[in-house]
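Undergrad: Before I ask anything, let me first share the structure, which is written out below as structure tokens.
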Amino acid sequence: MAQCTRTTLSFPKTPLNSTKTGTQTHLLPSISSFQAKPKSRKYPKISLSVVSSQSQQQYPSFDALPNSCRKEEVFSTIKDSVHNCLSETNLQLTVPGLKSKTRGKVRDIYDTGDYLVLVTTDRQSAFDRILASIPFKGQVLNETSLWWFNRTQHITPNAVLSVPDKNVTIAKKCSVFPVEFVVRGFVTGSTDTSLWTVYKNGVRNYCGNVLPDGLVKNQKLTASILTPTTKAEDHDVPVTPDEIIERGLMTRADFDEAREKALSLFEYGQRVALEHGLILVDTKYEFGKASDGTILLIDEVHTPDSSRYWIANSYEEHFQNGLEPENIDKEFLRLWFRDHCNPYEDEVLPDAPEELVCELAWRYIFLYETITKSRFEARVTEEPIHDRISRNVSSALLSLQ
Numbered sequence: 001m002a003q004c005t006r007t008t009l010s011f012p013k014t015p016l017n018s019t020k021t022g023t024q025t026h027l028l029p030s031i032s033s034f035q036a037k038p039k040s041r042k043y044p045k046i047s048l049s050v051v052s053s054q055s056q057q058q059y060p061s062f063d064a065l066p067n068s069c070r071k072e073e074v075f076s077t078i079k080d081s082v083h084n085c086l087s088e089t090n091l092q093l094t095v096p097g098l099k100s101k102t103r104g105k106v107r108d109i110y111d112t113g114d115y116l117v118l119v120t121t122d123r124q125s126a127f128d129r130i131l132a133s134i135p136f137k138g139q140v141l142n143e144t145s146l147w148w149f150n151r152t153q154h155i156t157p158n159a160v161l162s163v164p165d166k167n168v169t170i171a172k173k174c175s176v177f178p179v180e181f182v183v184r185g186f187v188t189g190s191t192d193t194s195l196w197t198v199y200k201n202g203v204r205n206y207c208g209n210v211l212p213d214g215l216v217k218n219q220k221l222t223a224s225i226l227t228p229t230t231k232a233e234d235h236d237v238p239v240t241p242d243e244i245i246e247r248g249l250m251t252r253a254d255f256d257e258a259r260e261k262a263l264s265l266f267e268y269g270q271r272v273a274l275e276h277g278l279i280l281v282d283t284k285y286e287f288g289k290a291s292d293g294t295i296l297l298i299d300e301v302h303t304p305d306s307s308r309y310w311i312a313n314s315y316e317e318h319f320q321n322g323l324e325p326e327n328i329d330k331e332f333l334r335l336w337f338r339d340h341c342n343p344y345e346d347e348v349l350p351d352a353p354e355e356l357v358c359e360l361a362w363r364y365i366f367l368y369e370t371i372t373k374s375r376f377e378a379r380v381t382e383e384p385i386h387d388r389i390s391r392n393v394s395s396a397l398l399s400l401q
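Residue numbers (UniProt numbering): 1 to 401.
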């Protein structure tokens, strides 16, 4: 997306079994876990096909995490809001000074000339298309990103100027790099570009990372890897670091700096997530360059849209028994669509069941509360959401003049 926005567990201290040749990273086979295991442990028997969601426990139990008892309370609010989602915005009609609108998969971006106004909607995107609208999703994404933006400034500056509304961020304008920095810590996923999908299809050199034979689904890599993609109009395309430089998408210096930031952000994110009982499995970052040459973190950070999270205390048992990890991201919705249609080729997709929509909304809220240790405020007021956003954005822009 071309815009600018600004229990205690730990991974095992196992040796980093990797070697480098040029721009390629060679990873040796390893199944690391959160507790020491005998070296003679065998790989679990896991099918080399994407596990159907129908064959797994439909929803994981989050009883071990502190806010799991909130589900019944939150669910009633979610159900009342299913038909009142923020799916579209038209602030250019109500807020003076907005010059243009760009509609992304999830965000509507408005240009003021000096700043960008990013409205995070409730649209649910996967397979490079919109699947559904999820109550309170936009608020969760915006507030989760703000939480991480505030806590990662020791790693990199970001573009955030203000957050005048629960769904809105106002950001500095910058030149956005046409590359998404995808960092992966595990062999998993169900999309065409996911590491597990390409690996099971025989790919062993992915985005400059040389992978060994013998890896199995949901296995932890010995070292996190970067698998960049270009931000194509209709579908993200995996690319190697050398191709990024050769095609002029970034300079070598800018790429190296952004790569270092991305890997450091992921390491920090994994550490914080584990402290809160979660595993940050993979994520994507975007960066832009300010007028003074500073590289800024933009878009979103460690949200359930940009990231995959698993429940830490059940991962090892599930992995050893060939079961899918308990997750709190949108993977189960992806799997449901894969089971019921071809989400890449079918012109019309089936409607997601309301039960799944509400479940996903709860997972977004659950993740926010688990990560931030804060109670999510799902305020439902008589004021229409579009009026509220227009009022708050107008006031914020006036204060920036």
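Note that the Cβ used here is the ideal one computed from N, Cα and C, for glycine as well. Everything numeric in this text was worked out from a predicted model, so none of it was measured.
#1: Who does D111 pair with in a DSSP beta bridge?
#2: When you compare each of K217, L195, A232 to I225 by their alpha carbons, which one comes out closest?
#3: Report buried or exposed for A396, applying the criterion of at least 16 other Cβ atoms within 10 angstroms of its Cβ.
#4: Between the beta-carbon of L86 and the beta-carbon of T121, is there less than 8 Å?
#5: Helix, strand or coil: how does DSSP classify I225 here?
#6: Do you know whose CA, among A262, Q270, A273, lies nearest Y285's CA?
#7: Are the Cβ atoms of L356 and L333 separated by less than 8 Å?
#8: Mapping DSSP to helix, strand and coil, what is P241?
#9: Once DSSP output is grouped into helix, strand and coil, what is the label at N142?
#10: What does the alpha-carbon distance come out to for the pair T227 and V179?
#11: On the DSSP letters alone, give me the boundaries of the alpha helix (DSSP H) that Q270 sits inside.
#12: Measure the beta-carbon distance from P135 to A352 and round it to whole angstroms, keeping in mind my assumption that it falls under 8 Å.
#13: Would you mind working out which of L91, R375, S190, G248 sits nearest D389, comparing C-alpha positions?
#14: Tell me the DSSP secondary structure of N392 in three-state form.
#15: Spatial neighbours of E369 within its chain, please: CB distance less than 8 Å, with the 5 preceding and 5 following residues excluded, ordered by chain position.
#16: Just to check my reading of the structure: F177 and G288 have Cβ atoms closer than 8 Å, yes? What is that Cβ distance to the nearest angstrom?
#17: Would G185 and K217 qualify as a contact pair, given that the criterion is a beta-carbon distance under 8 Å?
#18: Cα separation between T89 and H386?
#19: What is the DSSP secondary structure of F127, counted as helix, strand or coil?
#20: Alpha carbon to alpha carbon, how far is D192 from S32? Give it in angstroms, no decimals.
#21: Would you mind giving the Cβ-Cβ distance between I78 and K105, rounded to the nearest angstrom? I have them listed as a contact below 8 Å.
#22: Does the distance from the CB of T240 to the CB of F266 come in under 8 Å?
#23: Once the 5 residues before and after T144 are set aside, which same chain residues still bring their CB inside 6 Å of it?
#24: Shorter than 8 Å from the beta carbon of Y199 to some beta carbon of chain C?
#25: Sorted by chain position, which residues of the same chain lie with C-beta nearer than 7 Å to P38's C-beta, five sequence neighbours on each side aside?
#26: Please say whether Y115 and L161 have beta carbons closer to each other than 8 Å?
#27: Whose C-alpha, out of Y344, Q270, P343, is nearest the C-alpha of T152?
#28: Alpha carbon to alpha carbon, what distance is there between V380 and H154?
#29: Would DSSP call F34 helix, strand or coil?
#30: Should N342 go down as buried or exposed, given a rule of 16 or more other Cβ atoms within 10 Å for buried?
#31: Since I311 and V140 should fall inside the 8 Å C-beta cutoff, what is the C-beta to C-beta distance between them, to a whole number of angstroms?
#32: In terms of residue numbering, what span does the alpha helix (DSSP H) encompassing A361 cover?
TA: Short version:
#1: S100, L116
#2: L195
#3: buried
#4: yes
#5: strand
#6: A262
#7: yes
#8: helix
#9: helix
#10: 10 Å
#11: 252-275
#12: P135 to A352, Cβ: 13 Å. No contact.
#13: Residue identity differs from the one stated: residue 389 is Ile in this sequence, not Asp. Among L91, R375, S190, G248, the Cα nearest to that of I389 is on L91.
#14: helix
#15: N67, R70, R375, F376
#16: 6 Å
#17: no
#18: 7 Å
#19: coil
#20: The pLDDT assigned to S32 is 33, lower than 50, so where the model puts this residue is not dependable; a value taken from the coordinates is nonetheless given after this. In a straight line, the C-alpha of S32 is about 26 Å away from that of D192.
#21: In fact, because the Cβ distance is near 22 Å, the residues do not count as touching under 8 Å.
#22: no
#23: T303, Y368
#24: Checking the listed chains, one finds no chain C in this structure; it contains a single protein chain.
#25: Interpretation of P38 is limited by its pLDDT of 33, a score under 50 that renders its predicted location unreliable; no figure is taken from the coordinates.
#26: yes
#27: Q270
#28: 36 Å
#29: Its pLDDT being 29, under 50, F34 is placed unreliably by the model, and nothing is read from it.
#30: exposed
#31: That belief does not hold up - the Cβ atoms of I311 and V140 are roughly 18 Å apart, past 8 Å.
#32: 354-372
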